[in-house]
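Residue numbers (our numbering), protein chains in the order written: chain A, -14 to 764; chain B, 692 to 802.
Below: one structure, written as structure tokens.
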């Protein structure tokens, strides 16, 4: 009996199993009993027949093959593309469903084959893993089925399938509609067909995706050229933009989601539609930028930003445009802007706004474009073609040659600032908010200026004048401005000094009140006693012999001050002091705001009102140095705002330098202020003009001292860096240096080199013996 | 007094002499600068000019920016001068003048 059972062989069982298997393959109904019998049969064959599992497998394969062959015949009977696709999808659908059923009864078969291989491989962990993996996806039979399909029908007709599917896609591109399910069905069969567990999408990718890409590429290669040739670049850009969107949507429909295919396809489209026509498209960018065609630029930007390096040339074009348009604008209005700070700054701001709105509208404020704008605007602001500030190069001070012109922009900017903060027609015309917004504009431009130290110097000089002459329009705004300067990153020591000046003025006001309370003859004098460190470092004092009226006050003030403070010495800055005098002549009485120097000159006539005084005698009377005397006299004989001058002189000269020792001066007894062509009997006029903060000579040296300060700052910064780094390469040093100094000025390569040499010479540092481009700090 | 001047002047440029001045002072805004009366204008301790606040005060200045300027100068008997802040820290370690090594005693303080 047992022996009998032992005799169960594959050959016995198979004839009964086969019809069931065939039925299953053909999706014909099987009864429950048949289904269960199949399980039983597989079980016995695998258990009793040593060779059973393999035989069973081979037989199964044969039948699957046969079934597939029949299916293939049915599919291939279709001539027409769509019908073919439809038939294939139907057959595949059926077969694929069976792939999920048929393996179940053969589970035992799989175990047996795996167990045998387990014995041979004798690797327990391996077999355990395999036993656990008993799900359908990994099933041997299923793999067998799919592989068979793949090797036979699929290999034979995949070309036709793909071609047909691609033809449909092509037709859709040309505007015909069809059942998109056909293409999707094919794609799904490609995806499901793969039995490779590591890369389930392999077949799909190697075939379907590749074909799709290729077809797309070929299609657009042709179309793009065609469109470009017939319709021109601008229309082409619209076309490309449109097509890219379409293709992306199409890819989402026809390509396997989550496989990266869509991205790959998009990239492929971008390459064909944009990348390959890059030069043609880019040729259009400069003219569009020039014409300010923001909409078209926007489109171009959107397209070119898709391909690598597409945007870089546009950035270059934008930069070039800003520089050339900006400079052209400056040059065109050079006449006005070189003389009028207000117009100049307004022009600059207009340009900035124009460029900014271009970047905003055309390039959506993309950071790369903002950077390009900044870079180009910097060129415009710091350009020296329209006007230069001649600075002696550092070399001049240390002995070699050459000048380095710099933009005059910071000076004009500071002038403009002064016009806003001082009592001027401009500042009176504007509301407080307008002034604030304009000051903010100044700070905006200041950001782009390389030689900020020049701005600081002029700004401070203007502030000094405003504070000394009490001519600020709004003291609150003055102090706001100082804080704003701090906010935009101006060097702290500079800003602190400005803040200190305000503080000092307040202290001085208190002192003045006290003084006036203590003395008897006080109504005519105001004193400002200021901190020399904050106000006047390095400025030179000028001697003058004061008129008695003024001289008398001096000891009294000094006495008073000594009581208040100790350990301090006072120095009078008569070139900064000023006052009001009354001038009475045959026409009337006039109040004149004058400098102390002007006072000294005019009071010389009090003893001899009608006399003529020679230049020589004026000098003896005032003891003013020659340049100051000349300048003061000139301001009285040729004050620009006056029709009738205060003093007359002869012989006439063209400028103050030509006054001779014997040139004579006398008071104009016909002096009057003229209003509407009529002389007035009363009136007030300010003859101070621009308050002199230093002597003529030191003004000439002013620019010199800017350079001198730069040298010191550079040395200081180099040492600071070296102290920290101990050793550093030349390139690293240079970039750190620029970083430290950029809020004051941009150090030129030449100046850096000279200062390095100087520091090496003076043993603050040395070059590395092995690498001359490395510096070492010597403590 | 100005009333008289005025009348005299209004009569014209006759031979008015002392009181009838052609130019009379109405207001004078006199400007002077003060500085510490020192021989060396740099504080040898903090290396900052004595006219500026010393380094420590500069660092703290932001807090009470409109407080009175307190960083004054001090003179020793040896006539050397320093920031008072710097010197008061210095004497805690060494009661000698950093420049001449004499025993430090205050001659006067700046005010």
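Beta carbons: idealized from backbone N, C-alpha and C, even for Gly.
Quick caveat: nothing in here was measured; it's all calculated off a predicted structure.
In the DSSP assignment, the alpha helix (DSSP H) including residue 502/A goes from what residue to what residue? Start and end: 477 to 503.
With a threshold of 8 Å between beta-carbons, can residue 693/A be considered close to chain B, or not? By this cut-off, residue 693/A is not an interface position.
For the region 619 to 651 of chain A, which residues have a CB atom closer than 7 Å to at least one CB atom of chain B, in sequence order? none
Assigned secondary structure, residue 795/B (DSSP; H/G/I helix, E/B strand, else coil): coil
Between the Cα of residue 648/A and those of 284/A, 634/A, 404/A, spot the shortest distance and give me the residue it belongs to. 634/A
With 16 other Cβ atoms within 10 Å as the buried cut-off, status of residue 171/A: buried
Is it true that the CB of residue 289/A sits closer than 8 Å to the CB of residue 299/A? yes
Quick one: which residues of the region 539 to 565 of chain A get their C-beta closer than 9 Å to a C-beta of chain B? List them in chain order. So the list reads 539, 542, 543, 546, 549, 550, 551, 552, 553, 554, 555, 556, 557, 558, 559, 560, 561, 562, 563, 564, 565, given in the order they occur along the chain.
With distances taken from CA atoms, which of 667/A, 535/A, 720/A is nearest residue 717/B? 535/A
Buried or exposed, going by whether 16 or more other CB atoms sit within 10 Å of the CB of residue 766/A? Not covered by the structure: residue 766/A. The range shown for chain A is -14 to 764.
For residue 11/A, count neighbouring Cβ atoms within 10 angstroms of its own Cβ and tell me buried if that reaches 16, exposed if not. exposed
Quick one: what does DSSP say residue 713/B is sitting in, helix, strand or coil? coil
Looking at the C-beta of residue 449/A, does it have a partner C-beta in chain B at a distance below 8 Å? False, the Cβ-Cβ gap to chain B never drops below 8 Å.
Please list, in chain order, all residues of the same chain as residue 765/A whose beta carbon is under 7 Å from its beta carbon, the five residues on each side excluded. The requested residue 765/A does not occur in the structure, where chain A is confined to residues -14 to 764.
With distances taken from CA atoms, which of 512/A, 479/A, 475/A, 598/A is nearest residue 492/A? 512/A
So what does DSSP say about residue 277/A, is it helix, strand or coil? coil
Is the beta carbon of residue 454/A closer than 8 Å to that of residue 672/A? no
Sort 443/A, 234/A, 250/A by Cα distance to residue 203/A and report the nearest one. 250/A
Given a limit of 7 Å on CB to CB distance, which residues of the region 709 to 732 of chain B reach chain A? 712, 713, 714, 715, 716, 717, 718, 719, 720, 721, 722, 723, 724, 725, 726, 727, 728
Short Cβ contact (8 Å threshold) for residue 330/A with residue 406/A: Contact flag unset, no.
In the DSSP assignment, what residue or residues form a beta bridge with residue 773/B? 765/B
For a cutoff of 8 Å on Cβ pairs, would you count residue 800/B as touching chain A? yes
How would you list, in chain order, the residues of chain B whose beta-carbon sits under 8 Å from the beta-carbon of residue 590/A? By Cβ distance, chain B contributes 713, 714.
From residue 747/A to residue 732/B, what distance separates their C-alpha atoms? 25 Å
In the structure shown, what three-state DSSP assignment does residue 724/B receive? strand
By alpha-carbon positions, which one of 316/A, 419/A, 54/A ends up nearest to residue 332/A? 316/A
Measuring CB atoms only, is the region 555 to 564 of chain A touching the region 515 to 530 of chain A, in the sense that at least three cross pairs come out at less than 8 Å? Touching, yes.
For residue 659/A, the three-state DSSP class (helix, strand or coil): strand
Bridge partner(s) assigned by DSSP for residue 20/A: In DSSP, residue 20/A forms no bridge with anything.
Span of the beta strand (DSSP E) holding residue 569/A? 563 to 569
Going by DSSP, which residues form a beta bridge with residue 740/B? 733/B
If you pair each beta-carbon of the region 187 to 205 of chain A with each one of the region 239 to 258 of chain A, do three or more pairs fall below 8 Å? yes
For residue 223/A and residue 284/A, I'd like the C-alpha separation in whole angstroms. 7 Å
Taking residue 766/B as the query, report the chain A residues whose CB atoms sit under 9 Å from its CB, ordered along the chain. 552
Note down, in chain order, every chain B residue with its Cβ under 9 Å from the Cβ of residue 360/A. Near residue 360/A there are no residues of chain B at all, since even the closest Cβ is about 34 Å away, more than 9 Å.
So that I know if they touch, is there some Cβ in chain A lying closer than 8 Å to that of residue 761/B? no
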